[in-house]
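Heads up: the first sequence begins at 1 in the numbering used here, then just goes up one per residue.
Yeah, the Cβ is synthetic: ideal placement off N, Cα and C, and Gly gets one too.
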Amino acid sequence: MKEYNHLKIEKKWQKYWEEKKTFKAKNDGKKFYSLIEFPYPSGSGLHVGHIRSNTAMDIISRKRRMEGYNVLYPIGWDAFGLPTENYAIKTGIEPAKVTKQNTDTFRKQLKTLGFSFDWSREVNTTDPAYYKWTQWIFLKFLEKGLAYKAKSYINWCPSCKIGLANEEAVGGICERCGTETIKKEKEQWMLGITKYADRLDKDLDFVDYPERVKTQQRNWIGKSEGALIKFDNIEVFTTRPDTIFGATFIAVAGKENRFTGRYVTNPATKENVPVWEVDYVMEDYGTGALMGVPAHDERDFEFSKKYKLPVKTVVERLSINATGQSKPKDDLPFIERNCVDVIVKHWSLNKYLCLQWKKVDWRTFVTGGIEKGQTPEEAARMEVREETGYTDLKFIKEIGVYHSKFYHGPKKVNKFAHFHGMYFELQSDIQEEVIAEEKEKHELHWVDYDKVISFIKDDENAMGWNLLTNESFSVFTGEGILVNSGKFSSLTSQEAKKQITEFVGGKMVTKYKLRDWIFSRQRYWGEPIPVIFCAKCGIVPVSEKDLPVELPKVKNYQPTDNGESPLANISKWVNVKCPKCKGPAERETDTMPNWAGSSWYYLRYTDPKNKKEFASKKNLKYWLMPKQGFGGVDWYNGGMEHTTLHLLYSRFWHKFLYDLKLVPTPEPYRKRTSHGMILAEGGDKMSKSKGNVINPDDIVKTYGADTLRLYEMFIGPFEQSVAWNTESIIGSRRFIEKVWRIGANISAESSLPGSLSPRARGALPLGPSACETPCQENSAFIKKLLHKTIKKVSEDIENMRFNTAVSSMMILTGEMEKMESIDIKDYKKFLKILAPFAPHITEEIWQSLGEKKSIILSSWPKWDESLIKDTEIKIMIQVNGKVRAEIMVGIDAGEAEIKDKALKDEGVLKHISGKDVKKVIYVKNRLINIVV
RNA sequence: GCCCGGAUGGCGGAACUGGUAUACGCGCACGACUUAAAAUCGUGUCUCGCAAGGGAUGUGGGUUCGAUUCCCACUCCGGGCACCA
Numbered sequence: 001m002k003e004y005n006h007l008k009i010e011k012k013w014q015k016y017w018e019e020k021k022t023f024k025a026k027n028d029g030k031k032f033y034s035l036i037e038f039p040y041p042s043g044s045g046l047h048v049g050h051i052r053s054n055t056a057m058d059i060i061s062r063k064r065r066m067e068g069y070n071v072l073y074p075i076g077w078d079a080f081g082l083p084t085e086n087y088a089i090k091t092g093i094e095p096a097k098v099t100k101q102n103t104d105t106f107r108k109q110l111k112t113l114g115f116s117f118d119w120s121r122e123v124n125t126t127d128p129a130y131y132k133w134t135q136w137i138f139l140k141f142l143e144k145g146l147a148y149k150a151k152s153y154i155n156w157c158p159s160c161k162i163g164l165a166n167e168e169a170v171g172g173i174c175e176r177c178g179t180e181t182i183k184k185e186k187e188q189w190m191l192g193i194t195k196y197a198d199r200l201d202k203d204l205d206f207v208d209y210p211e212r213v214k215t216q217q218r219n220w221i222g223k224s225e226g227a228l229i230k231f232d233n234i235e236v237f238t239t240r241p242d243t244i245f246g247a248t249f250i251a252v253a254g255k256e257n258r259f260t261g262r263y264v265t266n267p268a269t270k271e272n273v274p275v276w277e278v279d280y281v282m283e284d285y286g287t288g289a290l291m292g293v294p295a296h297d298e299r300d301f302e303f304s305k306k307y308k309l310p311v312k313t314v315v316e317r318l319s320i321n322a323t324g325q326s327k328p329k330d331d332l333p334f335i336e337r338n339c340v341d342v343i344v345k346h347w348s349l350n351k352y353l354c355l356q357w358k359k360v361d362w363r364t365f366v367t368g369g370i371e372k373g374q375t376p377e378e379a380a381r382m383e384v385r386e387e388t389g390y391t392d393l394k395f396i397k398e399i400g401v402y403h404s405k406f407y408h409g410p411k412k413v414n415k416f417a418h419f420h421g422m423y424f425e426l427q428s429d430i431q432e433e434v435i436a437e438e439k440e441k442h443e444l445h446w447v448d449y450d451k452v453i454s455f456i457k458d459d460e461n462a463m464g465w466n467l468l469t470n471e472s473f474s475v476f477t478g479e480g481i482l483v484n485s486g487k488f489s490s491l492t493s494q495e496a497k498k499q500i501t502e503f504v505g506g507k508m509v510t511k512y513k514l515r516d517w518i519f520s521r522q523r524y525w526g527e528p529i530p531v532i533f534c535a536k537c538g539i540v541p542v543s544e545k546d547l548p549v550e551l552p553k554v555k556n557y558q559p560t561d562n563g564e565s566p567l568a569n570i571s572k573w574v575n576v577k578c579p580k581c582k583g584p585a586e587r588e589t590d591t592m593p594n595w596a597g598s599s600w601y602y603l604r605y606t607d608p609k610n611k612k613e614f615a616s617k618k619n620l621k622y623w624l625m626p627k628q629g630f631g632g633v634d635w636y637n638g639g640m641e642h643t644t645l646h647l648l649y650s651r652f653w654h655k656f657l658y659d660l661k662l663v664p665t666p667e668p669y670r671k672r673t674s675h676g677m678i679l680a681e682g683g684d685k686m687s688k689s690k691g692n693v694i695n696p697d698d699i700v701k702t703y704g705a706d707t708l709r710l711y712e713m714f715i716g717p718f719e720q721s722v723a724w725n726t727e728s729i730i731g732s733r734r735f736i737e738k739v740w741r742i743g744a745n746i747s748a749e750s751s752l753p754g755s756l757s758p759r760a761r762g763a764l765p766l767g768p769s770a771c772e773t774p775c776q777e778n779s780a781f782i783k784k785l786l787h788k789t790i791k792k793v794s795e796d797i798e799n800m801r802f803n804t805a806v807s808s809m810m811i812l813t814g815e816m817e818k819m820e821s822i823d824i825k826d827y828k829k830f831l832k833i834l835a836p837f838a839p840h841i842t843e844e845i846w847q848s849l850g851e852k853k854s855i856i857l858s859s860w861p862k863w864d865e866s867l868i869k870d871t872e873i874k875i876m877i878q879v880n881g882k883v884r885a886e887i888m889v890g891i892d893a894g895e896a897e898i899k900d901k902a903l904k905d906e907g908v909l910k911h912i913s914g915k916d917v918k919k920v921i922y923v924k925n926r927l928i929n930i931v932v
C-alpha cells in the first residue's frame, strides 16, 4: 500500500483546485443546477454515511462540467439545525460555538475528500445575514394573511422542557428523549399550507420524483372528495353519498359509545335515525360527524353489530370484464338478464360442481337465466338438472346478488347479468340423462374445496365463491350498483354520488388530511418571529429596515419550565417601542422551526451575498428557469427522512413565492432522488452512543480519499441501505493501484514514479491473451471494451448505478493490465471516465502524461457505437430449456442458417438424437431452444 | 390494520424488455515470484455426483418452449401511514 504516496498526491490536488478555482463556470451557453443536501453539524461529527450522497452528487457534478455545463454545486450549513441545538443543550456549550466548531471540522473533512463544491456560494442558515430573509418571507406570509395566530395544542416534553412539533412527538413520545409528552394549549403562529393543498397534490404530476416519494406526499396531503350533507342540524362529511339510503345511524365524535337519545331525519329516506356518540369518530376531520352505513363500511358494520343497529344493503357488486375474450364489445348493446350462479356441493366429498366450457375458455359454476315467473331457487334447480342431470338438491341459502357486464362468446352478445348466487348441497348421486346439446357445451368437474379458486381462474366468475367462503367479502365497501335507493336504484355509484348529493341538498367538497403548519417554537435556537405586540396597535410587523431581528446573547438558552420561550425572560430584548405608535410594546418571543430556513436555502445559493433581496431575479431566472418540465433545481438528492415534511414545506414556500412573482418556477425541484443509508458494520444505524461510527478521516488516512470515494459508490445500490465493511475496502484500493501501475508502464516518458518493483514487473508479463494473439487484435479488443465501458459508465452515472459503473471499470483495467501495450489515447479516455470517482489520482496521472490543463477541464469522452457492435455473436443452444451448447455466428446470419447450425451441433445431437424435434424457438441474438 | 420496498454463494452484491443465474469486489484455498514475509500476478471457489448428469435466486403453487424477472397465496425483514368517514 505504499507504492506511491497517495496522501501527498491528494493534498497536492486539493491545493491546486483551491488556487486555480478550476470549478468556476466555464461555459455560460448551457446551464445545470445540481444540489446536495448537505451534512448537518451534529455532536458526532461527519461519518461515512454522510459522505455517500455528497460523493454521488460530486460525481454527477464533475461529469456535467466535463460535458460543458455550467454547474451550480454549492455547499450549505445547518439548515436542519436541530441536532446542534440538541447537542448544545446536552453539553452546555453555546450553540453558536458548537456550530462554528463543527462547521470548521466539516469544511476541512469535505475538502479532504475532494468535493467540487463552489465554496464561494456557501450558505449558513443560522447566520443572521441569511435569516434576515427568512424573516422577510415570513412577513410576506403575514401580509397575505397566510400567517396567523391561533390556539392550538402543543406536545410538551416534561423531560426536555420543550414544546414539540407534531413530527417530533409521533405517537405522543418525544423523539429526542423517548419521554411521554403532555398536551398543552397555547397560542401559536400558524402558516396556511392547507390553502396550497390542492396544488401541492396536483403538481406532483409534473415533477420527476420517485413514485414512492410522490405517494408519500399524496398520503400526507390526504386529498378526498366527498359531500357535506345535513341530517337536520347535524352536518356530516362522506365520500360515499351514494350509500346514504343505507345510513342507519349518525355518529358524532365522543369518548365513549353512548346513545345520545336524539334522532334526526335521514334526508334521503326521511326515516328517523339515532344519533350516537362514537369513539372512532375524530373531532377534527371533516365535520366531526359521520353517517353510519353498516352495510358498506367496516367500522360502521362492527359498531352496528355491537349495538344491534340495522344493516341495510344499498350497493351491490358490479364487475365489468376489462380485458380478454369476455370484454364487452363497444358496438353492441347490453342485454339485461336475471340469472342464477349455482354452487353445488358434492353429496359426500368436499368437492364442488364446476363447468369447463368447450367453445370458449371459460370455467364457471352452473349458471343460467331466470325465466319469467320463476323464483331464483326454481331457476337454479332447473339449470342444474338441465346441465348436469343432478336432481337431489337441498337448498341451503342465497349467497347474495352481484352484477356483471361481459361479452358472451357462444351467444355473441354483450350481457348485463344480475346474478343471484345460490348455494345447494347435493344429497345423492341421482342423475337424469343430459340431452346431447347440453353435453356439447361443457364438461363437468368435481373440484376440491381448495382448488376451486385456481380452477375458476377468473375473479369475476368466482364472486359467488368468494362471498360464500371469504369473510372479508361480507362488508362491501367498494362501488357498484345501487339498490333499495328509491329512484336512484340501478344507477352506478359514480352516477349516483352527484345526483343524490343534489337530491338531499348537500354539496360536493374536497377535504384534506393536511393541517395548517404550526410555525411557533418556544426555543432559543431559531429565527425570531419578527413581530411586535402593542397594546394599542395589536400585532405589528417589524419593518424591513430593522431586519434581521437577531437572537440576543444569553447566558442560559435552556428552555424554561413554564413552556415559554427562553427569550421571554430577557426583558431588555423583549421590551421595545411600537414601530407604529412608539408606545411600549413587546417582541414575539417564539422562534421559527428548523424547517423555515431549509424551506428556501436553495434559492439563496443562486445569489448568496445579495444584501438587497433574498436573491436577484436575474440569478434566479438563470439557474431555475425551466429547462425541462417545471424547471427549478435540476437535481436534489437527500435522505428519505425528508421526503414528506421538508420537501412539502419547501414546495409550499416556493409556490407562495411564485404567486408573489418572486421566483420564476412553480416548483422548487425538478428531480429528486434519495440515497440509502450506510449502516454500521453490524447492520445497525451508526450512532455515537453505540460507538459504531466510522469516521471518514480514519479511512482516508489509511486508504486515501479516492479509495473511500470509490468504495462508497461500489458498496451497493445507491438508493438502498448497506452495511459498512472495512474489510472489503481493500478492493477499491487495489483497483486504484492497478490504474496507477498501468499509467506508469504505459509510456517511457511517464514521470510517474516507478511504482512497480522489479519483481512485480517481472511477474507482470502479460497474460495469455497478450501472448497468444497478435498485438493489433489486442488493441482492437481493448478499444472495443473501452467504448463499451464509456457507454456503461456514462449511462450508469445518470441512473445513479454507481456500483455497476465501478465494476465495469474494474473489468476494463483487468484486461488492460494483461496487454503488452496500451494506446495512450485509450488510456486517457479511461482516465476521464474514472476522474469523477477518483479525482486526485487521475489528475496526477493525467498531468504526468504530459497534459497541462486539469482533467476536469477536458471533455467527457463519447463512445463509438460502431466500435461496440459485435461482428460475431454467441448463441446459446438449449434443449428443452437446458443449455447444452453454444455456437458463434456472424452478426447478420439468418434465422434458418443459425437453426440449421444448431441442429447439427455435436453437443446438441447427443440430446436430440432419437427424439422428435417438436419446435425450434429462436430469440434474436440470444438463443435457440429446441423442444423435443 | 393499510400502503410501499426487499429476500440471490461464506459476505457486499450483478443479471438489459421473460432468454447462459451468481458479473465485479471481499474472504478462502492452491500455485508463481521471494532466503522469508508483505505486496503483486495466476488458478480455483453455489451444491450433490468419479462421471454422465441432477438440484439451487425466502416458501408453496400457476402461466410459459423458457421465470431471480410475470400472476396467486404465505413467511420473514425494512420503511411510511394509522380510527381520515
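| Query | Result |
| --- | --- |
| Endpoints, the beta strand (DSSP E) within which T238 is located | 234-238 |
| DSSP-derived helix/strand/coil call for R199 | helix |
| When N799, I875, R734, V931 are compared against H6, the one with the closest alpha-carbon | R734 |
| Alpha helix (DSSP H) runs wholly inside the region 822-901, at least 4 long, in chain order | 824-834, 839-848, 865-868 |
| Neighbour-count burial assignment, W517, 16 or more Cβ in a 10 Å radius | buried |
| Euclidean distance between Cα positions of R926 and E302 | 58 Å |
| Identity of the residue in A902, E371, Y307 nearest F259 by Cα | Y307 |
| L679 - partner residues in DSSP beta bridges | A723 |
| Segment limits, alpha helix (DSSP H) that includes M933 | Absent from the structure is residue 933, since the part of the chain shown begins at 1 and ends at 932. |
| N- and C-terminal bounds of the alpha helix (DSSP H) containing A380 | 376-388 |
| Stretch-stretch touch, CB-based, cutoff 8 Å, three pairs: the region 479-499 with the region 240-257 | yes |
| For R672, the residue or residues it bridges with in DSSP | Y636 |
| Range covered by the beta strand (DSSP E) that runs through M422 | 413-426 |
| Whole-Å CB distance - P717 paired with N803, under 8 Å assumed | 6 Å |
| Nearest residue (CA-CA) to N569, options K555, C581, K580, C578 | K555 |
| Close beta carbons around I193, own chain, < 7 Å, minus the five adjacent residues each side | L514, D516, W517, F652 |
| Where S650 falls, given that 16 or more other Cβ within 10 Å makes a residue buried | buried |
| Assigned secondary structure, H911 (DSSP; H/G/I helix, E/B strand, else coil) | helix |
| 7 Å Cβ shell around S599 - same chain, five flanking residues per side excluded | Y649, S650, W653 |
| Same chain, Cβ closer than 8 Å to V908, neighbours up to 5 away in sequence not counted | I877, V879, R884, A885, A902, I930 |
| Spatial distance of K915 from K924 (CA atoms) | 25 Å |
| CB-CB length for P839 against R62, believed under 8 Å | 7 Å |
| Residues sharing a beta bridge with L547, DSSP | BP columns for L547 are empty, so no partner. |
| Check whether Y669 and V633 have beta carbons under 8 Å apart | yes |
| Classification of E772 by the beta-carbon crowding that lies within 10 angstroms, buried from 16 upward | Note on E772: pLDDT 37, under 50, position unreliable in the model; the coordinate value appears next. Per the 10 Å Cβ criterion, exposed. |
| Neighbour-count burial assignment, I790, 16 or more Cβ in a 10 Å radius | buried |
| Own chain residues within Cβ distance below 6 Å of D284, not counting five before or after | none |
| Beta-carbon gap between L660 and K140 smaller than 8 Å | yes |
| Three-state secondary structure (DSSP) of H787 | helix |
| Whole-angstrom distance between L857 and E712, CA atom to CA atom | 25 Å |
| Cβ-based neighbour list, P666, same chain, cut-off 7 Å, excluding 5 preceding and 5 following | D203, F630, K655, Y658 |
| Cβ neighbours of M463 in the same chain (closer than 8 Å, five flanking residues each side left out) | R317, S319, D341, Y402, S404, F419, G421 |
| Which listed residue (M677, L710, D870) has its alpha carbon closest to that of Y810 | Contrary to the premise, residue 810 reads as Met rather than Tyr in this sequence. Ranking M677, L710, D870 by Cα distance to M810 puts L710 first. |
| Rounded straight-line distance, which links the Cα of P528 to that of K792 | 51 Å |
| Cross-strand partners of L645 (DSSP beta bridge) | The partner list for L645 (beta bridge, DSSP) is empty, contrary to what the question assumes. |
| Secondary structure of Y209, DSSP reduced to three states | coil |
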